[in-house]
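These protein sequences, in sequence, are chains A and B.
Going by our numbering, the first residue of the first sequence is number 4, and it counts up by one from there.
Going by our numbering, the first residue of the second sequence is number 7, and it counts up by one from there.
Reviewing the structure listed below.
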Amino acid sequence: MSQIIYIPDKPPIPPDQQPTVNVFAAVVEPKLINNLVRCLNRIAPLENLRHLKRVQKKHLEDGKTLIALILCLASENDSNMDAMPQDVRELVTSYQLSAFITKVCKEAATTKEEWEEQCKLWPTSYHPPTYNIDGITGFNEEDTQSVFGFMRLAVELAQSNKLVVNAAVIVDPSVKQVIASACDHHISSENASTSNAGGEIDFRNRLESVGSHLDSNGATIHGNLPSSASLKTLKQSCSTVSCLYPWQWTDQQLQHLSNSCCWHPLRHAAIAAIESSAARDRHLFPTSGTIGDKSVETDDIGPHCNLAKRQKTNLENAKSEEKEGTDIEGICSKSGRPYLCTGYDIYLVWEPCIMCAMALVHQRVRRVFYAFPNPNDGALGSVHRLQGEKSLNHHYAVFRVVLHEDVL
Amino acid sequence: MTSTYCTASWIKMDSSREDCSSDTLRFMELAIQQAKLALNSLEVPVGCVIVEDGMVIATGRNRTTETRNATRHAEMEATDILIEAWQRDGLSTSEVAEKCSKCKLYVTCEPCIMCASALSILGINEVYYGCANDKFGGCGSILSLHLGSREAHTSGNQQGRGFKCTAGIMASEAVALFRSFYEQGNPNAPNPHRPLVHNRAGQ
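Following this line, the structure appears as structure tokens:
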């Protein structure tokens, strides 16, 4: 099965091996809940365990509901009830509760999988990262098809040259439009000056036509897509992929001196795609914005749109608000000059190297999708994990798109 | 452009000028001149020069606002000039690599993670920088890419070995330029909350 996997900021802990702490809990009468919770929040607030829900509801087989609540934190090795703070103990006595010790998860969940596992112990709340980005909590069917579609385009672009190279496609997801695309130009190949450039132009035309398909109906993209056999070839002949072997440009021999204008050791696909999107920006919006300029005002709308999304913390409401947010964002990106690649996604066939990953931070890309991990120099989970680097001024969400025959 | 709104905590000075040779200071002075050119163009003021055999062979300054490409840092500008020139001269990849291995780079602020990696990929011999970059620095502040790739150390590869790095050359001059920039405000920030005290944006 093809799937989209979120690559979180921290190395994942297996969901069932999350650190736990002991708490005192007690089963209580439903009618007492409100009073007790109010009281406990005052005398024993769960300060460092804000992700924990105070109350657990269990539906029993006979149709009844069992309600338990957390009284207070317990020590790890002392199960004696005397270890409870004085005022909690008084509460237990006056309500005649029978306290017991149970394990709860110590840290807030960072992924949906962790969260689901946590709730088996005791219910917690799950707030996706503060820079809440669509997709972290999952993709709906339409978005999933769109992601697969754009990744297929990247894979096809990677194979459009004689040599297998990395490829990048920058997309405005609000209108499902390709903004820029590029292949590696870090080495020269025999046919680089002709079919490379030409191939990319052809490809771009095709991207546009496929893009419009995607727009009307994400599920109906077909066309000349790579077969699973060619996907295997892609993985086997990847010695010329820039981000996998950033230092090996020196080993590449120039075939013809006449082609020498085509290579640059730092022209990895992502860098070239960023350059292409910047060129598009300069072309479409020739006047540069200054203070008081209209273009700055429209730029201003961006953060407000995102604010609505950032405030979306409740998983239940996520779906409906997502729709709304996308609509507003769509209007923004149509009416105003883009600020770098704010709001855009990039699709890369291989996980980017650290240079490319940082370039994508600088250019303010919103989401990075890659198909194959990069064990040599991968910066988004394999060797480094740049998306979790707190000091950076921008953070994107990272996803791996696992391609399988059924989408190719 | 590409600015962060933050405190000035990134300013770290460990300038030890007595250790610097007069050549080092002379080249850093030229890098500062480049940073001033950037400042005059309302760009984040970072500049650099690349030196081969005691001669400046390329200069660069931050050009992120003008190009609307936040990767156009001084280092990228300067190295592009060289690569393109060497290609026009018909140099092969191995000759270009050979050339790079003789180059020293003088830059007013610690290369960011992207630039540090780029300099390592090119095989630049040595880097001298002014002030540290506590938010994005790739030569010790956040990551230490000048130490080379993991792969190079295990396989003994010539490539990916990293480069020698010297910090704190004329750091206070570099910081003073940033101060000037943030005092004049960043007209290119998408939503300027306040007119001054920014980070070294986009570098």
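Every residue, glycine too, gets a C-beta built ideally from N, C-alpha and C.
Residue i in three-state terms, based on DSSP
i, result
"Cys152 (chain A)", "It is Gly, not Cys, that sits at residue 152 (chain A) in the sequence shown. DSSP places Gly152 (chain A) in helix when its eight states are reduced to three."
"Arg403 (chain A)", "strand"
"Lys322 (chain A)", "Bear in mind that the predicted position of Lys322 (chain A) carries a pLDDT of just 37, short of 50, making it unreliable; the figure below should be weighed with that in mind. Lys322 (chain A): helix per DSSP, three-state reduction."
"Met120 (chain B)", "helix"
"Arg94 (chain B)", "helix"
"Cys246 (chain A)", "coil"
"Met34 (chain B)", "helix"
"Asn25 (chain A)", "strand"
"Ala138 (chain B)", "coil"
"Gly381 (chain A)", "strand"
"Ser186 (chain B)", "helix"
"Ile127 (chain B)", "helix"
"Leu74 (chain A)", "strand"
"Ser178 (chain B)", "helix"
"Pro198 (chain B)", "Only weak support exists for where Pro198 (chain B) lies, its pLDDT of 47 falling under 50; the coordinates are left without a value."
"Gln366 (chain A)", "coil"
"Tyr9 (chain A)", "strand"
"Ser184 (chain A)", "strand"
"Ser47 (chain B)", "coil"
Neighbour flag for residue i against chain A, beta carbons, 8 Å
i, result
"Phe184 (chain B)", "no"
"Phe169 (chain B)", "no"
"Met120 (chain B)", "yes"
"Asn75 (chain B)", "yes"
"Thr114 (chain B)", "no"
"Phe33 (chain B)", "no"
"Thr99 (chain B)", "yes"
"Ile148 (chain B)", "yes"
"Gly53 (chain B)", "no"
"Ser27 (chain B)", "no"
"Phe187 (chain B)", "no"
"Lys141 (chain B)", "yes"
"Ile89 (chain B)", "yes"
Contact with chain B by residue i, beta-carbon distance below 8 Å
i, result
"Cys356 (chain A)", "yes"
"Ala183 (chain A)", "no"
"Gln390 (chain A)", "no"
"Pro268 (chain A)", "yes"
"Ser177 (chain A)", "no"
"His188 (chain A)", "no"
"Trp252 (chain A)", "yes"
"Leu395 (chain A)", "yes"
Minimum C-alpha distance to residue i - residue among the options
i, options, result
"Thr105 (chain A)", "A:Val31, A:Pro131, A:Asp137, A:Cys75", "A:Cys75"
"Ala466 (chain A)", "B:Thr77, B:Cys118, B:Ala122, B:Ile89", "Because chain A spans 4 through 411 in this model, residue 466 (chain A) falls outside it and cannot be assessed."
"Val401 (chain A)", "A:Arg388, A:Leu343, A:Met84, A:Val172", "A:Arg388"
"Lys1 (chain A)", "A:Leu383, A:Ser5, A:Asn44", "There is no way to answer for residue 1 (chain A), as the model of chain A reaches only from 4 to 411."
"Cys137 (chain B)", "B:Asn131, B:Ile38, B:Ser126, B:Lys110", "B:Ile38"
"Ser412 (chain A)", "A:Phe375, A:Leu69, A:Gln390", "Only positions 4 to 411 of chain A appear in the structure, and residue 412 (chain A) is not among them; the question remains open."
"Leu111 (chain B)", "B:Asp95, B:Ile175, B:Glu90", "B:Ile175"
"Ser47 (chain B)", "B:Gly146, B:Thr73, B:Lys170", "B:Thr73"
"Met84 (chain A)", "A:Leu406, A:Trp250, A:Asn25", "A:Asn25"
"Ser150 (chain B)", "A:Pro378, A:Val371, A:Ile357", "A:Ile357"
"Glu83 (chain B)", "B:His152, B:Lys105, B:Gly143, B:Ala44", "B:Ala44"
"Val418 (chain A)", "A:Asn379, A:Thr345, A:Ser385", "Given a span of 4 to 411 for chain A in the structure shown, any question on residue 418 (chain A) remains unanswerable."
"Pro17 (chain A)", "A:Gln121, A:Val178, A:Ala77", "A:Gln121"
"Gln40 (chain B)", "B:Tyr188, B:Ala180, B:Gln190, B:Arg185", "B:Ala180"
Between the CA atoms of residue j and residue i - distance to the nearest angstrom
i, j, result
"His189 (chain A)", "Thr70 (chain B)", "22 Å"
"Lys67 (chain A)", "Thr140 (chain A)", "32 Å"
"Ser184 (chain A)", "Ile173 (chain A)", "6 Å"
"Leu100 (chain A)", "Glu119 (chain A)", "29 Å"
"Lys115 (chain A)", "Asp146 (chain A)", "18 Å"
"Ser107 (chain B)", "Arg167 (chain B)", "11 Å"
"Thr290 (chain A)", "Arg340 (chain A)", "10 Å"
"Leu69 (chain A)", "His62 (chain A)", "6 Å"
"Ser163 (chain A)", "Leu36 (chain B)", "44 Å"
"Val415 (chain A)", "Ala91 (chain B)", "Residue 415 (chain A) lies beyond the range of chain A shown here (4 to 411); nothing can be said about it."
"Phe103 (chain A)", "Cys42 (chain A)", "19 Å"
"Leu343 (chain A)", "Asn75 (chain B)", "7 Å"
"Arg283 (chain A)", "Asp175 (chain A)", "13 Å"
"Asp435 (chain A)", "Tyr347 (chain A)", "Absent from the model: residue 435 (chain A). The displayed extent of chain A is 4 to 411, so no value can be given."
"Pro378 (chain A)", "Phe153 (chain A)", "23 Å"
"Ser86 (chain B)", "Arg67 (chain B)", "It is worth fixing the name first, because residue 86 (chain B) is Asp in this sequence and not Ser. Near 12 Å, if we compare the C-alpha coordinates of Arg67 (chain B) and Asp86 (chain B)."
Contact set between residue i and chain E, taken where Cβ atoms lie within less than 7 Å
i, result
"Glu278 (chain A)", "Considering every chain present, this structure includes no chain E. Its protein chains are A and B."
Report task. Could you say if the stretch 153 to 171 of chain A and the stretch 341 to 360 of chain A meet the contact criterion of at least three C-beta pairs nearer than 8 Å? Result -> Of all C-beta pairs linking the stretch 153 to 171 of chain A to the stretch 341 to 360 of chain A, three or more are shorter than 8 Å, placing the two stretches in contact.
Query raised in the report: Contact between the stretch 41 to 50 of chain A and the stretch 109 to 118 of chain A: three or more CB pairs below 8 Å?
Result: Three or more Cβ pairs closer than 8 Å define a contact, and the stretch 41 to 50 of chain A falls short of that threshold against the stretch 109 to 118 of chain A.
Query raised in the report: Between the stretch 134 to 148 of chain B and the stretch 268 to 283 of chain A, are three or more C-beta pairs nearer than 8 Å?
Result: The stretch 268 to 283 of chain A and the stretch 134 to 148 of chain B do not touch, with fewer than three beta-carbon pairs separated by less than 8 Å.
Query raised in the report: Touch check for the stretch 49 to 68 of chain B and the stretch 111 to 122 of chain B: three-plus C-beta pairs under 8 Å?
Result: Between the stretch 49 to 68 of chain B and the stretch 111 to 122 of chain B there are three or more inter-stretch CB-CB distances shorter than 8 Å, so the stretches are counted as touching.
Query raised in the report: If we count Cβ pairs, one from each stretch, closer than 8 Å, do we get three or more for the stretch 361 to 368 of chain A versus the stretch 116 to 124 of chain B?
Result: The stretch 361 to 368 of chain A, when compared against the stretch 116 to 124 of chain B, does touch it at the 8 Å Cβ threshold.
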